[in-house]
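In what follows, a structure is listed as structure tokens, so that the remarks can point back to it.
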Amino acid sequence: MNIKLFSLAKGEASAFAGSKKLIADCANAFDNEGTKFSNFASPKRMFIAVSQALRSADCIIIAVQNQSYNSIKKMLCSALELETQQHEDIYVNLLPLFEKGKISKNALINNSAFPVMAQIFPTDNLMSCGFAISSGSQSIIIIPLDPIKTAEVVFGSLYSYLGEKAGVEENEDLQKLKLLRLTERLFTALKKTKSTLAFAPVNGIDLIQKCAGMVDKNSEVFRFSQSAEARTPSQPVKDYIASCAQKTRIETKSNYAVAVSSAFSGNEDDSIFIYCAVSDKNETIVTKIFAGDEEDAKSLVNIGVEYALKIAGNTIIEKDSELHSKSAKATNKLRNNIITITAFALGGSAAICAILALLLGNG
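Just so we're aligned, residue -17 is where the sequence shown starts under the numbering used here, counting upward by one.
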């Protein structure tokens, strides 16, 4: 698959290097020839380059600096004459933030507006979600360029989307690759902050140990506890897995700790869920993750490990950049409810190039 990468950002290139590496690593897993970013500070120049790339590329990925993400999204939709609408699930989940005064009316409208036939790549708090539009065999993907949101889109959606486009099923090799990349991201964040992280010896530990051994060969930042206390019958799973993370951090004298529970079935329905916990000296973040329609208990453990590695990386990066906040998160069950529509009724790449040329003019 021929994939072309473009970034649109202002400021120091080093500020976006980590985010662009996540995207490039993902793209190169499906592009045999290898691809790298073409970087732009001007939207007009970038769109000209995009129109040229569409003559041969199967997939265009545009990474846009988070601060200007929604304005570029509008510009792209205008360029391609795409009808937009408010995505119902995203709008409904962001509406309480607007009603509480945490986001503006413009933020509510802009963050929930997408092309009618787009496939959504949700971020955890549904702000600056990525998306893909398709024309025949070609796709254009827009992703926020941000230390946290890029990772949420890449690992939550991009690997699966490109895998499907390339005819690769969500198999064990792809799963292992995602876990390895997440472990590398976590390792880099820990090294940068001179921190350590321990893993509780509960569920998913075999997967974690394999990836950690490949990345942290000298055991510089990753530590492993040797024992975990048993859960009492009356102890809620959420409390137990939080306690495992907290005690593992203290026992190993680490800055952070991670724990993943077994999969459980709901008492009132057939839902399957899992908990993962990330702990530091100030707080423990516990996330409940529900299985999708085609996910069983075993696959949910893999997803739980993914989430734990991602959240741990996010926590360290946020604290390092002094961006750590208590902003409300959309329910994790929403990841299974986002409506995805992949068809996109617009002529071929020639039509796209013509529309872009018309909008951009000759200047």
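Note that the Cβ used here is the ideal one computed from N, Cα and C, for glycine as well. In this text the structure is predicted, and so the values were computed from the model without any measurement.
- For R205, the enclosing beta strand (DSSP E) covers residues 204 to 206.
- With the rule of 3 Cβ pairs closer than 8 angstroms, the segment 279 to 295 counts as touching the segment 160 to 179.
- When only Cα atoms are considered, G(-7) and Q49 end up about 12 angstroms apart.
- Using a 10 angstroms sphere on the CB of P78, the tally of other CB atoms stays under 16, which defines it as exposed.
- Spatial neighbours of I122 in its own chain (CB-CB distance under 6 angstroms, excluding positions within 5 residues in sequence) are listed in chain order as I42, I115.
- The alpha helix (DSSP H) runs of length 4 or more contained entirely in the segment 8 to 65 are, from start to end of the chain, 25 to 35, 51 to 61.
- Where A279 is concerned, there is no enclosing beta strand (DSSP E), although the alpha helix (DSSP H) around it starts and stops at 279 to 302.
- In the DSSP assignment, I72 falls within the alpha helix (DSSP H) that extends over 70 to 81.
- DSSP, reduced to helix, strand and coil, places T178 outside both helices and strands of the structure shown, so it counts as coil.
- Where S94 is concerned, the enclosing alpha helix (DSSP H) starts and stops at 87 to 94.
- Spanning the alpha carbons of A279 and G138 requires a straight line of approximately 18 angstroms.
- In the DSSP assignment, V135 falls within the alpha helix (DSSP H) that extends over 131 to 135.
- Between V242 and A294, the beta carbon gap of about 11 angstroms keeps them out of contact (Cβ cut-off 8 angstroms).
- Per the coordinates, the alpha-carbon of N10 lies some 5 angstroms from the alpha-carbon of G16.
- Apart from sequence neighbours up to five positions away, the residues of its chain that approach Y141 with a beta-carbon distance below 6 angstroms are C8, K160, ordered along the chain.
- Positions of the alpha helix (DSSP H) runs, each at least 4 residues long and wholly inside the segment 98 to 154, are given as 131 to 135, 141 to 147 in order along the chain.
- For K220, there is no enclosing beta strand (DSSP E); the residue is part of the alpha helix (DSSP H) that begins and ends at 219 to 234.
- By a beta-carbon distance limit of 8 angstroms, A182 contacts V240. Their separation comes to about 7 angstroms.
- In terms of Cα proximity to N75, the closest of N107, G83, Y51 is N107.
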